[in-house]
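Peer 1:
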Amino acid sequence: MTNSRDVDRDDNVLFSAEDPSQNVENLVAHEHIIVERKEQIEKAIQSALDDPQTYNSPNHIFSNLEIAISSSPATDDFDEDDWDDLTNATVALVHTLIMKDAGMVELIDQEDPSKEFQDFIIGLILDYGSELQRLNFYHTQGKHWWSFIRTERLFDEGSVKHKHFVTIDRRDEVEIDSSPFSDWVLVEHFIREIFQAAVSPDVDIDEIMDIDRLNQIRQHVFAFEEAVKESDMDVDLLTREELLGDGDSEDGEVANDG
Numbered sequence: 011m012t013n014s015r016d017v018d019r020d021d022n023v024l025f026s027a028e029d030p031s032q033n034v035e036n037l038v039a040h041e042h043i044i045v046e047r048k049e050q051i052e053k054a055i056q057s058a059l060d061d062p063q064t065y066n067s068p069n070h071i072f073s074n075l076e077i078a079i080s081s082s083p084a085t086d087d088f089d090e091d092d093w094d095d096l097t098n099a100t101v102a103l104v105h106t107l108i109m110k111d112a113g114m115v116e117l118i119d120q121e122d123p124s125k126e127f128q129d130f131i132i133g134l135i136l137d138y139g140s141e142l143q144r145l146n147f148y149h150t151q152g153k154h155w156w157s158f159i160r161t162e163r164l165f166d167e168g169s170v171k172h173k174h175f176v177t178i179d180r181r182d183e184v185e186i187d188s189s190p191f192s193d194w195v196l197v198e199h200f201i202r203e204i205f206q207a208a209v210s211p212d213v214d215i216d217e218i219m220d221i222d223r224l225n226q227i228r229q230h231v232f233a234f235e236e237a238v239k240e241s242d243m244d245v246d247l248l249t250r251e252e253l254l255g256d257g258d259s260e261d262g263e264v265a266n267d268g
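The working numbering applies: residue 11 is where the sequence shown begins, and numbers increase by one.
(1) Tell me which residue opens and which closes the alpha helix (DSSP H) that Arg-223 is part of.
(2) Along the alpha helix (DSSP H) that carries Ile-43, what are the first and last residues, could you check?
(3) Just list the residues that DSSP pairs Lys-2 with in beta bridges.
(4) Taking one C-beta from the stretch 136-146 and one from the stretch 65-80 each time, how about it: are there three or more such pairs within less than 8 Å?
(5) Comparing C-alpha positions only, which one of Lys-53, Ser-189, Leu-247 sits nearest to Arg-163?
(6) With the cut-off set at 7 Å, would you say Ala-102 and Leu-37 are in Cβ contact?
(7) For Ser-67, count neighbouring C-beta atoms within 10 Å of its own C-beta (all shown protein chains included) and say buried if the count is 16 or more, exposed if not.
(8) Using C-beta distances below 6 Å, list every residue in its chain close to Val-206, excluding the 5 sequence neighbours before and after it, in chain order.
(9) Which of helix, strand or coil does DSSP assign to Asp-87?
(10) In the DSSP output, what is Trp-194 paired with across the bridge?
(11) Is Asp-246 helix, strand or coil when you go by DSSP?
(12) Would you say Ala-99 and His-42 are within 7 Å of each other, going by their C-beta atoms?
(13) Using only CA atoms, which one of Asp-89, Trp-194, Ala-208, Glu-203 lies nearest to Phe-234?
(14) Decide yes or no for the touch test of the stretch 44-56 against the stretch 109-123: beta carbon pairs closer than 8 Å, at least 3 of them.
(15) In the DSSP assignment, find the unbroken alpha helix (DSSP H) run with Lys-125 in it and report its ends.
(16) Check the C-beta distance from Glu-35 over to Glu-121 and give it rounded, since I have them as a contact under 8 Å.
(17) According to DSSP, simplified to helix, strand and coil, what is Ile-218?
(18) Considering only C-alpha positions, which residue in the set Asp-61, Val-209, Lys-153 is nearest to Ile-178?
(19) Quick one: Cα of Gly-168 to Cα of Gln-128, how far?
(20) Report buried or exposed for Asn-33, applying the criterion of at least 16 other Cβ atoms within 10 angstroms of its Cβ.
(21) Alpha carbon to alpha carbon, how far is Trp-156 from Asp-94? Give it in angstroms, no decimals.
(22) Within 10 angstroms of its Cβ, does His-230 collect 16 or more other Cβ (buried), or is it exposed?
(23) If you count every other CB in all the chains shown that lies within 10 Å of the CB of Leu-253, and 16 or more means buried, which is it?
(24) Contact defined as beta carbons within less than 8 Å: I believe Tyr-138 pairs with Leu-107. What is the distance between those atoms, to the nearest angstrom?
(25) Starting from Asn-66, follow the alpha helix (DSSP H) in both directions and report where the run begins and ends.
(26) Inspect the beta-carbon positions of Gln-208 and Ile-221 and report whether they are closer than 7 Å.
(27) Report the option in Ile-227, Ala-84, Ile-44 whose CA atom is closest to the CA atom of Lys-125.
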């Protein structure tokens with residue numbers, strides 16, 4: 011009879027607090043159990059897809075896989091440390107599937123796995139990765155998460171018009187018509203909302219800040235400033251000190267008057 015135990019974990023932070031690469035070694039170390047339970051693992055994944063729990067999908071997937079993997083006869087003599095290692099291996103498996111990232115496959119390859127295990131993992135990613143990834147985005151962003159945006163620029167009698175095409179949930183496309191003037195409103199609104207979230211006392215700024223994106227935005231802003239200075243526009247750009255003032259800002263709804 012197989013052993014079982016309750017895993018002591020906080021379902022809200024089980025995955026968000028983990029570096030996916032840290033548990034790859036544990037994943038490969040348990041490859042014999044995973045290969046042995048291949049059929050059960052696939053059933054566990056399909057069950058998660060058939061009965062999606064969008065409010066906490068990573069942990070729903072984890073719980074299904076935990077049942078499939080921990081019921082192996084190989085766990086009969088496990089002690090507490092063994093169970094912890096198996097839990098970390100299962101977390102790594104969930105990460106590998108929902109990230110659908112070639113980098114994780116490369117990390118697994120560096121641990122010298124068996125060919126059977128490696129083929130099985132790659133097969134799982136190809137067969138289930140996209141759908142599991144969608145479930146994860148339901149959890150992190152909501153069911154109407156957007157996955158792609160493209161813009162067409164139209165010139166009409168000296169004016170500029172934009173058509174933005176936003177892909178929702180990889181399935182539907184929403185078209186938004188705008189002009190550069192109305193785009194400015196959206197740009198300012200989104201940046202202000204991200205900033206308000208980042209400085210909220212209830213949020214760790216490290217969980218929101220994307221330094222690479224911030225630098226890309228700064229690069230565009232600085233380049234835009236140079237273009238304005240080199241143009242024939244009679245305008246004085248405010249200094250950093252004038253713009254920041256006392257640092258206070260007000261929340262408010264955004265209206266498009268452009």
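C-beta atoms are modelled at their ideal positions from N, C-alpha and C, and glycine is treated no differently.
Peer 2: From the atom records:
(1) 221-240
(2) That run of the alpha helix (DSSP H) goes 41-46.
(3) Past the edges of the chain, shown from 11 to 268, lies residue 2, and the structure says nothing about it.
(4) Short answer: they touch.
(5) Ser-189
(6) Taking 7 Å as the Cβ cut-off, Ala-102 and Leu-37 qualify as a contacting pair.
(7) Ser-67 comes out buried.
(8) It should be pointed out that residue 206 corresponds to Gln in this sequence rather than to Val. Cβ neighbours of Gln-206 beyond the five flanking positions: none.
(9) coil
(10) Trp-194 is not bridged to any residue.
(11) coil
(12) For Ala-99 and His-42, no; Cβs fall outside 7 Å.
(13) Trp-194
(14) The stretch 44-56 vs the stretch 109-123: no contact.
(15) 125-150
(16) Between the beta-carbon of Glu-35 and that of Glu-121 there is about 6 Å, and that keeps the pair under the 8 Å contact cut.
(17) DSSP, read as helix, strand or coil, puts Ile-218 in coil.
(18) Lys-153
(19) 58 Å
(20) Sixteen is the threshold: when 16 or more other Cβ atoms of the shown chains lie within 10 Å of the Cβ of Asn-33, as they do, the residue is buried.
(21) Distance between the alpha carbons of Asp-94 and Trp-156 is about 36 Å.
(22) exposed
(23) exposed
(24) 6 Å
(25) Per DSSP, Asn-66 belongs to no alpha helix (DSSP H) and is neither H nor E.
(26) Checking the displayed sequence, the identity of residue 208 turns out to be Ala instead of Gln. Against a cut-off of 7 Å, the Cβ pair of Ile-221 and Ala-208 comes out as no contact.
(27) Ile-44
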